[in-house]
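Participant:
Protein chains: 2
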Amino acid sequence: MQTPWDHRYAQRTQRMASSAIRELLKYTEKPDIISFAGGLPAPEVFPVEEFRVACDRVLRENGAQALQYSTTEGLRPLREMIARHSSRYGIEITSENVLITASSQQALDLLGKILINPGDNILVESPSYLGALQAWNLYGAQYITVPMDEDGMVTDALEEALRAGPKFIYVLPNFQNPTGVTLSLERRHALIELADRYGVPIIEDDPYGQLRYEGQHLPSVVVLDSQYRDDCTHSYRGNVIYLSTFSKLLAPGLRLGWVIAPEEVIRKLVVAKQAADLHTSTFTQMIAYEVSRGGFIDRHVPLIREVYGHRRDVMLAAMDRYFPPEVDWTQPKGGLFLWGILPKYLDAADVLEAAVEKKVAFVPGEPFHPTGGGKNTMRINFSNATPEKIEEGIFRLGKVLAEKVGKKVAV
Amino acid sequence: MQTPWDHRYAQRTQRMASSAIRELLKYTEKPDIISFAGGLPAPEVFPVEEFRVACDRVLRENGAQALQYSTTEGLRPLREMIARHSSRYGIEITSENVLITASSQQALDLLGKILINPGDNILVESPSYLGALQAWNLYGAQYITVPMDEDGMVTDALEEALRAGPKFIYVLPNFQNPTGVTLSLERRHALIELADRYGVPIIEDDPYGQLRYEGQHLPSVVVLDSQYRDDCTHSYRGNVIYLSTFSKLLAPGLRLGWVIAPEEVIRKLVVAKQAADLHTSTFTQMIAYEVSRGGFIDRHVPLIREVYGHRRDVMLAAMDRYFPPEVDWTQPKGGLFLWGILPKYLDAADVLEAAVEKKVAFVPGEPFHPTGGGKNTMRINFSNATPEKIEEGIFRLGKVLAEKVGKKVAV
Numbered sequence: 198m199q200t201p202w203d204h205r206y207a208q209r210t211q212r213m214a215s216s217a218i219r220e221l222l223k224y225t226e227k228p229d230i231i232s233f234a235g236g237l238p239a240p241e242v243f244p245v246e247e248f249r250v251a252c253d254r255v256l257r258e259n260g261a262q263a264l265q266y267s268t269t270e271g272l273r274p275l276r277e278m279i280a281r282h283s284s285r286y287g288i289e290i291t292s293e294n295v296l297i298t299a300s301s302q303q304a305l306d307l308l309g310k311i312l313i314n315p316g317d318n319i320l321v322e323s324p325s326y327l328g329a330l331q332a333w334n335l336y337g338a339q340y341i342t343v344p345m346d347e348d349g350m351v352t353d354a355l356e357e358a359l360r361a362g363p364k365f366i367y368v369l370p371n372f373q374n375p376t377g378v379t380l381s382l383e384r385r386h387a388l389i390e391l392a393d394r395y396g397v398p399i400i401e402d403d404p405y406g407q408l409r410y411e412g413q414h415l416p417s418v419v420v421l422d423s424q425y426r427d428d429c430t431h432s433y434r435g436n437v438i439y440l441s442t443f444s445k446l447l448a449p450g451l452r453l454g455w456v457i458a459p460e461e462v463i464r465k466l467v468v469a470k471q472a473a474d475l476h477t478s479t480f481t482q483m484i485a486y487e488v489s490r491g492g493f494i495d496r497h498v499p500l501i502r503e504v505y506g507h508r509r510d511v512m513l514a515a516m517d518r519y520f521p522p523e524v525d526w527t528q529p530k531g532g533l534f535l536w537g538i539l540p541k542y543l544d545a546a547d548v549l550e551a552a553v554e555k556k557v558a559f560v561p562g563e564p565f566h567p568t569g570g571g572k573n574t575m576r577i578n579f580s581n582a583t584p585e586k587i588e589e590g591i592f593r594l595g596k597v598l599a600e601k602v603g604k605k606v607a608v
Numbered sequence: 198m199q200t201p202w203d204h205r206y207a208q209r210t211q212r213m214a215s216s217a218i219r220e221l222l223k224y225t226e227k228p229d230i231i232s233f234a235g236g237l238p239a240p241e242v243f244p245v246e247e248f249r250v251a252c253d254r255v256l257r258e259n260g261a262q263a264l265q266y267s268t269t270e271g272l273r274p275l276r277e278m279i280a281r282h283s284s285r286y287g288i289e290i291t292s293e294n295v296l297i298t299a300s301s302q303q304a305l306d307l308l309g310k311i312l313i314n315p316g317d318n319i320l321v322e323s324p325s326y327l328g329a330l331q332a333w334n335l336y337g338a339q340y341i342t343v344p345m346d347e348d349g350m351v352t353d354a355l356e357e358a359l360r361a362g363p364k365f366i367y368v369l370p371n372f373q374n375p376t377g378v379t380l381s382l383e384r385r386h387a388l389i390e391l392a393d394r395y396g397v398p399i400i401e402d403d404p405y406g407q408l409r410y411e412g413q414h415l416p417s418v419v420v421l422d423s424q425y426r427d428d429c430t431h432s433y434r435g436n437v438i439y440l441s442t443f444s445k446l447l448a449p450g451l452r453l454g455w456v457i458a459p460e461e462v463i464r465k466l467v468v469a470k471q472a473a474d475l476h477t478s479t480f481t482q483m484i485a486y487e488v489s490r491g492g493f494i495d496r497h498v499p500l501i502r503e504v505y506g507h508r509r510d511v512m513l514a515a516m517d518r519y520f521p522p523e524v525d526w527t528q529p530k531g532g533l534f535l536w537g538i539l540p541k542y543l544d545a546a547d548v549l550e551a552a553v554e555k556k557v558a559f560v561p562g563e564p565f566h567p568t569g570g571g572k573n574t575m576r577i578n579f580s581n582a583t584p585e586k587i588e589e590g591i592f593r594l595g596k597v598l599a600e601k602v603g604k605k606v607a608v
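Line order of the protein sequences matches chains D and S. Positions 198 to 608 (this note's numbering) are the ones given, in order, by the first sequence. Positions 198 to 608 (this note's numbering) are the ones given, in order, by the second sequence.
#1: Helix, strand or coil for Asp346 (chain D), going by three-state DSSP, please let me know.
#2: So, Glu460 (chain D) versus Glu293 (chain D), is the Cβ gap smaller than 8 Å?
#3: Using only CA atoms, which one of D:Val397, D:Gly328, D:Gly349 lies nearest to Leu359 (chain D)?
#4: Excluding the five sequence neighbours on either side, which residues of its own chain have a C-beta within less than 6 Å of the C-beta of Ala599 (chain S), listed in chain order?
#5: Check the Cβ of Arg205 (chain D) against every Cβ in chain S and list those closer than 8 Å, keeping chain order.
#6: Between which two residues does the alpha helix (DSSP H) carrying Glu550 (chain D) extend?
#7: Using a threshold of 8 Å, state whether the C-beta atoms of Pro344 (chain S) and Thr376 (chain S) are closer than that.
#8: In angstroms, rounded to a whole number, what distance separates the CA positions of Glu226 (chain S) and Glu550 (chain S)?
#9: I'd like to know whether the C-beta of Thr210 (chain S) is nearer than 8 Å to at least one C-beta of chain D.
#10: So, does the CB of Asn436 (chain S) fall closer than 8 Å to a CB anywhere in chain D?
#11: Using only CA atoms, which one of S:Phe493, S:Leu382, S:Ile366 lies nearest to Val437 (chain S)?
#12: Note down the Cα distance separating Arg496 (chain S) from Ala514 (chain S), rounded to an integer number of angstroms.
#13: Among S:Thr568, S:Asp253, S:Met213, whose alpha-carbon lies nearest the alpha-carbon of Glu487 (chain S)?
#14: Which ranges would you report for the alpha helix (DSSP H) in the segment 365-432 of chain S if only whole runs of at least 4 residues count?
#15: Tell me which residues share the same chain as Leu307 (chain D) and place their Cβ nearer than 6 Å to its Cβ, disregarding the 5 neighbours each side in the sequence.
#16: Give the interface partners of Asp517 (chain D) over in chain S, defined as CB-CB distance under 8 Å, in chain order.
#17: Gly537 (chain S) by DSSP, collapsed to three states: which one?
#18: DSSP three-state call for Leu598 (chain D): helix, strand or coil?
#19: Shorter than 8 Å from the beta carbon of Gln302 (chain S) to some beta carbon of chain D?
#20: What residues in its chain sit with their C-beta under 6 Å from that of Leu415 (chain S), if we drop five residues either side in the sequence?
#21: Where does Leu272 (chain S) sit, in a helix, a strand or coil, going by DSSP?
#22: Along the segment 447-476 of chain S, where does the CB come closer than 9 Å to a CB of chain D? Name the residues.
#23: With a threshold of 8 Å, are at least 3 pairs of Cβ atoms found where one atom belongs to the segment 533-548 of chain D and the other to the segment 200-210 of chain S?
#24: Mind listing, in chain order, the continuous alpha helix (DSSP H) runs of no fewer than 4 residues lying wholly within the segment 297-368 of chain D?
#25: Check whether chain S comes within 8 Å of Ala611 (chain D), counting only Cβ atoms and requiring the distance to be less than that.
#26: Where does Val608 (chain S) sit, in a helix, a strand or coil, going by DSSP?
#27: Pull up the distance between the alpha-carbon of Lys555 (chain S) and that of Pro228 (chain S), whole angstroms please.
#28: Could you list which residues in chain S have their beta carbon closer than 8 Å to that of Leu388 (chain D), in chain order?
#29: Give me the Cα-Cα distance between Lys601 (chain S) and Asp525 (chain S), rounded to the nearest whole angstrom.
#30: Roughly how many angstroms lie between the CA atoms of Ser478 (chain S) and Gln528 (chain S), to the nearest whole one?
#31: Pull up the DSSP beta-bridge partners for Asn578 (chain S), would you.
#32: Would Ala261 (chain D) pass as an interface residue toward chain S - the criterion being a Cβ-Cβ separation below 8 Å?
#33: Hey, is the segment 389-405 of chain D in contact with the segment 265-281 of chain D, meaning 3+ C-beta pairs nearer than 8 Å?
#34: Using the beta-carbon of each residue, which ones in chain S are nearer than 8 Å to Gln339 (chain D)?
#35: Find out if the Cβ-Cβ distance for the pair Met516 (chain S), Phe579 (chain S) is shorter than 8 Å.
#36: Check the Cβ-Cβ distances between Asp422 (chain D) and every residue of chain S, and say whether any is below 8 Å.
What follows is the structure in structure tokens.
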């Protein structure tokens, strides 16, 4: 249908992601497909009963408040809980440093809105989180990339990138989406020191920090920054804006995340958020607070770790068995994803097409690369499918990969 | 605290609304103030018990689905319900024409994102809805204004405004926020005819359409447009994008609204929404669907009409008694607001300052005027305060106004 809107779209829509993969991934929603494509938590670990009890209590005791408009900043008790929790991890902040958002995705969008002028350079890992790139593309961002290896962003390449004058650095230090790798402690220090030397601030995106299945917890960048040149006070210096979310700790269907930032940045984000959606659902905030306030998350996280850690182990073992030797992959210590690296002559988009025919799916890695490349990479989720489906799905994917690799060898 | 973010804000933040009134209105949250400032529904009409039952049922029967990620477009049964409901009112659409948003405010923001280039002219009523202006200012919108009178947008002034080449027309035909006035049927026809002649599409914002307390329901602009030059088919022509919300029918704390638009526009909005927040809370969508699906809203709306209609009557009667004859106001037939017009020599911001001292508040009308003016106007909400508080609040406001008018007379 032709409409008068057809020629009225804003120029920025030309930077909206192409929908080729989107269309292909629609097939993955069919029930007979084993999908490693999404970033979905395991529904088996959702604390449904705790939510039911919390809803009942909130609506019985504070129903009118839960259903009414509330402030753009977010529910004060929830913000205070986040501030207390952050202090426990080593940064001294107050609820004035906290904004509740409709998930981290909204935090990324609002940060783009208040910070990015068309043409601004943002320093990102390559590959980086697709949702951030999609949000910031619409504000006209350009990217300076730093490569990744098994210890995260290669900080040896960081100084040159910083000299190109980025507006800020965007980093996912823990079990990065898409690669699953973790920034080493040494590199965290190097990142902070270089950022400080060039006066460039950092956005740290940390949705999976608590979901570690082996090894020692590493302090987040915002915590290390607060100790930089001063190990005693732990006061928040404001150089690092920190994002996290309830999506992986409680449930993504709530759409609840938070930003920790200097008060002045929070004030700007609040005005931007007011124009974006007035505020996040009062009801979901009160439910999340009610579920969390007695320390439930601390008791719940071990279960998530156990379930996801087991699924990761099952997937890694199945890959060892079924993937051809030409294919490589990362060994994530936590999070939801691992990263497959194919021989250079294979295109993961072709592999996906063949895989979907065999009823298994993943996400090709190319779109995660803000300045191109990565056609031979793939993001594979291990949190959502059951161990039995992981075993079967990796078996199918292994057959597809063996066939693709074999064809090349035959030629 | 100085931070490296201080000089890194995007240029668009310079168009963020000044916070002078915002700061003043913070005082209105104190419990001893009678506030007519917000646009809050009456908490007394919230169907708390229906929500409690719905939450219980959704979490018992579909808990894992309710807490999981879902599609950006929104919950299909909810979109189908909205499509069916729209057909009942006279436009034939499918769920593919419907996008669920985090309230109408998000719909306005996403429409700005996909449509507005910096410098684009948008044709709006003056005064118009502040939330739309705040959202669109951040995309660099300019405004062409058409004045209002007691029958809504003055369509006699519309043709000249259309010749200035606006990208689209933004109109709130029913019980407009802020003025409370309704676009007459004759002018709705004139609007559609002129928009058609100049090929300029329309965004119709209709949060209060069902909240009419007297007179006959008028067909919405989108419905009249579907009948234009063809009274038989009622097929959706796509010229009018229609926005509405569950905020005034069920509860604003859910943050649920919807957009009706041509499929291609919906597709663009979906990509923009994916970058903005991935999707709206699965849980709140399922709750809203569960509460609504048996026809609850039809049974509930008469209660809202009764309560709000009575409060409007109480307010109008109190104004008759307590306001000085120099002050004028609109007589809304529905909605949540009425509009006060002071003598030209009074500034409503000064009046607000004096009013807050007397523990009563409203919103000065100036910020609703996209191209300036309206310093002598005020928006007054009648839905939130109880009849007793309305009586007392208007009494206090009347005293403040009499004093302000008297001072001028004394000078």
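The beta carbon of each residue, even a glycine, is placed where N, CA and C say it ideally should be.
Facilitator: Answer, in terms of the structure:
#1: Position 149 of the first sequence, counted from the start, is the residue given in the question as residue 346 (chain D). In the three-state DSSP reduction, Asp346 (chain D) falls in the strand class (E or B).
#2: Taking the first residue of the first sequence as 1, we reach residue 460 (chain D) at position 263. Taking the first residue of the first sequence as 1, we reach residue 293 (chain D) at position 96. Taking 8 Å as the Cβ cut-off, Glu460 (chain D) and Glu293 (chain D) qualify as a contacting pair.
#3: Looking up residue 359 (chain D) in the first sequence gives position 162. With respect to the C-alpha of Leu359 (chain D), the residue from D:Val397, D:Gly328, D:Gly349 having the closest C-alpha is D:Val397.
#4: Here residue 599 (chain S) corresponds to residue number 402 of the second sequence, with the count starting at 1. Excluding positions up to five away in sequence, the list reads Pro521.
#5: Numbered from 1 along the first sequence, position 8 holds the residue referred to as residue 205 (chain D). When 8 Å is used as the limit between beta carbons, Arg205 (chain D) is near these residues of chain S: Leu312, Lys364, Phe365, Pro398, in chain order.
#6: Translated into positions along the first sequence, residue 550 (chain D) becomes position 353. From DSSP, the alpha helix (DSSP H) with Glu550 (chain D) extends over 545-554.
#7: Here the question's residue 344 (chain S) lines up with position 147 in the second sequence. Here the question's residue 376 (chain S) lines up with position 179 in the second sequence. Going by C-beta atoms, Pro344 (chain S) is not nearer than 8 Å to Thr376 (chain S).
#8: If you number the second sequence from 1, residue 226 (chain S) lands on position 29. If you number the second sequence from 1, residue 550 (chain S) lands on position 353. If you draw a straight line from the Cα of Glu226 (chain S) to the Cα of Glu550 (chain S), it comes to about 15 Å.
#9: Translated into the one-based positions of the second sequence, residue 210 (chain S) becomes position 13. By this cut-off, Thr210 (chain S) is an interface position.
#10: Position 239 of the second sequence holds residue 436 (chain S). Closer than 8 Å: yes.
#11: Residue 437 (chain S) sits at position 240 when you count from the first residue of the second sequence. Of the candidates S:Phe493, S:Leu382, S:Ile366, the one whose C-alpha sits nearest the C-alpha of Val437 (chain S) is S:Ile366.
#12: In the second sequence, counting from the first residue as 1, residue 496 (chain S) sits at position 299. In the second sequence, counting from the first residue as 1, residue 514 (chain S) sits at position 317. Each residue's Cα considered, the two are about 29 Å apart.
#13: Here residue 487 (chain S) refers to the residue found at position 290 of the second sequence. Measuring C-alpha to C-alpha distances from Glu487 (chain S) to each of S:Thr568, S:Asp253, S:Met213 identifies S:Asp253 as the nearest.
#14: Fully enclosed alpha helix (DSSP H) runs of 4 or longer: 382-395, 418-424.
#15: Along the first sequence, one-based indexing puts residue 307 (chain D) at 110. Around Leu307 (chain D): Leu466, Ala469, Lys470.
#16: The residue labelled residue 517 (chain D) in the question sits at position 320 within the first sequence. Near Asp517 (chain D) there are no residues of chain S at all, since even the closest Cβ is about 30 Å away, more than 8 Å.
#17: The residue you call residue 537 (chain S) lines up with position 340 of the second sequence. The three-state secondary structure of Gly537 (chain S), taken from DSSP, is strand.
#18: As a position in the first sequence, residue 598 (chain D) is number 401, starting the count at 1. Under the three-state reduction of DSSP, Leu598 (chain D) is assigned to helix.
#19: Counting from one through the second sequence, the residue named residue 302 (chain S) turns up at place 105. Judged by the 8 Å Cβ criterion, Gln302 (chain S) is in contact with chain D.
#20: For this step, residue 415 (chain S) is matched to residue 218 along the second sequence. So the qualifying residues of the chain are Leu382.
#21: Along the second sequence, read from residue 1 onward, the residue named residue 272 (chain S) stands at position 75. Coil at Leu272 (chain S), not helix or strand.
#22: Going along the segment 447-476 of chain S in chain order, one finds Leu447, Ala448, Pro449, Gly450, Leu451, Arg452, Leu453, Ala458, Pro459, Glu460, Glu461, Val462, Arg464, Lys465, Val468, Ala469, Gln471, Ala472, Ala473, Asp474, Leu475, His476 with a Cβ nearer than 9 Å to chain D.
#23: Taking 8 Å as the limit for Cβ pairs, the verdict is that the segment 200-210 of chain S does not touch the segment 533-548 of chain D.
#24: With a minimum length of 4 residues, the continuous alpha helix (DSSP H) runs that stay inside the segment 297-368 of chain D are 300-312, 327-334, 355-359.
#25: Residue numbering for chain D in the displayed model covers 198 to 608; residue 611 (chain D) lies beyond these limits and cannot be assessed.
#26: By one-based count along the second sequence, residue 608 (chain S) stands at place 411. Any reading at Val608 (chain S) needs caution, since the residue's pLDDT is 48, under 50, leaving its predicted position unreliable; the model's value is listed next. Here Val608 (chain S) carries a coil assignment [DSSP, helix/strand/coil].
#27: Position 358 of the second sequence, counting from 1, holds the residue named residue 555 (chain S). Position 31 of the second sequence, counting from 1, holds the residue named residue 228 (chain S). Here the C-alpha atom of Lys555 (chain S) lies approximately 13 Å from the C-alpha atom of Pro228 (chain S).
#28: Against the first sequence, residue 388 (chain D) aligns to sequence position 191. Ordered by position in chain S, no residue passes the 8 Å Cβ test against Leu388 (chain D), which lies about 14 Å from the chain.
#29: Here residue 601 (chain S) refers to the residue found at position 404 of the second sequence. Here residue 525 (chain S) refers to the residue found at position 328 of the second sequence. Spanning the two alpha carbons is a distance of roughly 15 Å.
#30: Stepping through the second sequence from its first residue, residue 478 (chain S) is reached at position 281. Stepping through the second sequence from its first residue, residue 528 (chain S) is reached at position 331. Straight-line Cα distance between these residues: approximately 37 Å.
#31: Along the second sequence, one-based indexing puts residue 578 (chain S) at 381. Its beta-bridge partners are S:Phe534.
#32: Looking up residue 261 (chain D) in the first sequence gives position 64. Chain S contact via Cβ: present.
#33: As far as the Cβ criterion goes, the segment 389-405 of chain D does not touch the segment 265-281 of chain D, which means the pair count is below three.
#34: Numbered from 1 along the first sequence, position 142 holds the residue referred to as residue 339 (chain D). Ordered by position in chain S, no residue passes the 8 Å Cβ test against Gln339 (chain D), which lies about 14 Å from the chain.
#35: In the second sequence, residue 516 (chain S) corresponds to position 319, counting from 1. In the second sequence, residue 579 (chain S) corresponds to position 382, counting from 1. It is not a contact, given that the beta carbons lie outside the stated cut-off.
#36: By 1-based counting over the first sequence, the position of residue 422 (chain D) is 225. By this cut-off, Asp422 (chain D) is not an interface position.
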